[in-house]
Every structure is written in C-alpha cells, then in structure tokens.
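Trainee:
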Amino acid sequence: MRYFIQFSYFGKAYHGWQNQPNAITVQEVLEKALSTLLREKVEVVGAGRTDAGVHAKEMFAHFDFDGIENAKELTYRLNAFLPEDIAVQRIYQVKADAHARFDASERTYEYWVVQEKNPFYNNLAHTLQLPLDVDAMNQSAKILLDHQDFECFSKSNTDVKTFICDVRKAYWGKKEDKLVFTITADRFLRNMVRAVVGTLLDVGLGKMKPEDITEILESKDRGKAGASVPAKGLYLAKVSYPKNTFDEQE
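Following our numbering, the numbering of the sequence shown begins with -2 at its first residue and continues without gaps.
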C-alpha cells in the first residue's frame, strides 16, 4: 500500500532534503525513523528538494508498506522518535500510483526578511537594515509572471533538461514584523527562489530598476542577476495536489 506523509522541518542542522553520502539530511533521518518503527527498510520519495539550511512548513513524501493498522498511532510514535526539528502532521493512505513529486501541481515558497536586529530571528530570517522600496520590488515581481525561462536564476552547472517554470504568484507583503516574499509555481530550479529574492532586494535598494528584470531574464545569464540570499530565510510553505489525491486517506 502507498502512503503520503505530511511533515515539516527546521533546516538549520541538515544538508537539505535529499540523501547525501557524507552529510546528514532530512530524508535520511525520516527513513531511519520509519524503518525502525515499521521494522523493515523504508524508502521515501519527497515532493521536491530543499537545499542545505532551508526550512519546510509543509512537505510531503510517499512510501510503500504492507498495511499500517493505525496511522494516527504511527504519527504519534514517529514524532516521539524524530528529533525536535522534524514534525509529522499526518499519514494518509493514497492510491497505489499516487506520487508525492510528480502529482504535485504547484509549490509555494516564502522568504522572510527582517529590517532591524532581532535575536529571535537569527536562524529564521535574513536581516537587512537598509530602507527598501517595496513598491519597486513588487513591480519587478510582477514581471516574473510574464516569463517562463528562468535560466538566469538557476544554479550554474545544473543537470536540468529545461529552465521553463510556470510562475503563478510573486509578491512582497508585510506579515507582522517581517517582510515576506511569496512565490508559487509548478516547479522551481535549484537556487531559483534565493536568486530571485536577491535580485528583487537589489531593486529595493536602488541598485537596479524594475525594468532591468526583463533584460536579466532575457539574457539567461546567472551573472547578471543578484546574489543569492542566505538559506535561513527560505521556507517551502505549501505543496498542492489535485483534489482526488487523498480520496483514499485514512
């Protein structure tokens, strides 16, 4: 039987989501916990990758196992077994061909910026204590919606076959004491959101103009875009699936 697991994590201690030979990852810790509790080797497939230090407010993965009698009890036991920086919200039984990565219709990321020194945000947000023209940053963000090729914001030497992404939302807004950038797309390239945010912050600082964004996108040149912002401010906020994905949930 196939199961989806919904969980969240604080990424500071991990070298991203995906298993690596010489570094601790969220996938490795989750697989070890499931394998221990279910008493057989369990492999999980995530909805996507997050880089080292990036957090996830909502993440999904799937795994196969021959029958879980009580999903709520397993959720409780997993949370007792996992470290405090990983939390499982729910385990769903799904259709046999459901896929956490390929069935995801869109993903939403947030990037948090604080504009004054605050010790409580040291590992939660990027601190930038300079005035920002948020209106100009939002003008620039709107330009992203009119383009599909985001090679200029992709990590160099990547092995992806296409740089095409369908960006559906991109905007800055104030949330309590944070400035938050929200972006939604069907897929993202490696390092893309952090490169986009760095470029938009350059607009906010007056180093670039909103119209420069079009030129950067059309250049397909990573060197023309802004520097990537730190991973600690980035959150995978939501992963969306078609309505029938969880029809067979427990």
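For every residue, glycine included, the Cβ atom is placed at its ideal position computed from N, Cα and C.
Between the beta-carbon of V164 and the beta-carbon of W109, is there less than 8 Å?
Mentor: Translated into the one-based positions of the sequence shown, residue 164 becomes position 167. Translated into the one-based positions of the sequence shown, residue 109 becomes position 112. No, the Cβ-Cβ distance between V164 and W109 is not below 8 Å.
Trainee: Alpha carbon to alpha carbon, how far is V190 from Y232?
Mentor: Numbered from 1 along the sequence shown, position 193 holds the residue referred to as residue 190. Numbered from 1 along the sequence shown, position 235 holds the residue referred to as residue 232. The alpha-carbon atoms of V190 and Y232 are separated by roughly 10 Å.
Trainee: Could you give the residue range of the alpha helix (DSSP H) that holds T33?
Mentor: Along the sequence shown, one-based indexing puts residue 33 at 36. Taken as a continuous stretch (DSSP letters only), the alpha helix (DSSP H) holding T33 covers 23 to 35.
Trainee: With a Cβ-Cβ cutoff of 8 Å, do L198 and L125 count as a contact?
Mentor: For the purposes of this step, residue 198 is identified with residue 201 of the sequence shown, where counting begins at 1. For the purposes of this step, residue 125 is identified with residue 128 of the sequence shown, where counting begins at 1. In contact: L198 and L125 (Cβ atoms closer than 8 Å).
Trainee: Apart from the five residues on each side of it in sequence, which residues of its chain come closer than 6 Å, Cβ to Cβ, to E25?
Mentor: Residue mapping note: residue 25 aligns to position 28 of the sequence shown, counting from 1. Closer than 6 Å at the Cβ level, and outside the excluded window around E25, lie N16.
Trainee: If we ignore side chains and look at the alpha-carbon of each, how far apart do F62 and T159 end up?
Mentor: Taking the sequence shown and counting its residues from 1, one reaches residue 62 at position 65. Taking the sequence shown and counting its residues from 1, one reaches residue 159 at position 162. Roughly 34 Å between the two C-alpha positions.
Trainee: Can you give me the start and stop residues for the alpha helix (DSSP H) that I210 sits inside?
Mentor: On the sequence shown, position 213 is the one that residue 210 refers to. Looking at the DSSP string, the run of the alpha helix (DSSP H) that includes I210 is 209 to 216.
Trainee: So V200 is in the alpha helix (DSSP H); what residue range does that whole segment cover?
Mentor: As a working mapping, residue 200 is identified with position 203 in the sequence shown. First-last of the alpha helix (DSSP H) with V200: 189 to 201.
Trainee: Quick check: the stretch 127 to 141 against the stretch 78 to 88, are there 3 or more CB pairs under 8 Å?
Mentor: Result no; under three Cβ-Cβ pairs closer than 8 Å.
Trainee: Let me know the secondary structure DSSP gives F99 once reduced to three states.
Mentor: Numbered from 1 along the sequence shown, position 102 holds the residue referred to as residue 99. If DSSP states are grouped into helix, strand and coil, F99 belongs with coil.
Trainee: Assuming contact is defined by CB atoms lying nearer than 8 Å, are L186 and T155 in contact in what I supplied?
Mentor: In the sequence shown, the residue the question calls residue 186 occupies position 189. In the sequence shown, the residue the question calls residue 155 occupies position 158. Yes. Within cutoff.
Trainee: Just curious, the beta strand (DSSP E) that E55 is in, first and last residue?
Mentor: For the purposes of this step, residue 55 is taken as the residue at position 58 of the sequence shown. Its beta strand (DSSP E) spans residues 52 to 61.
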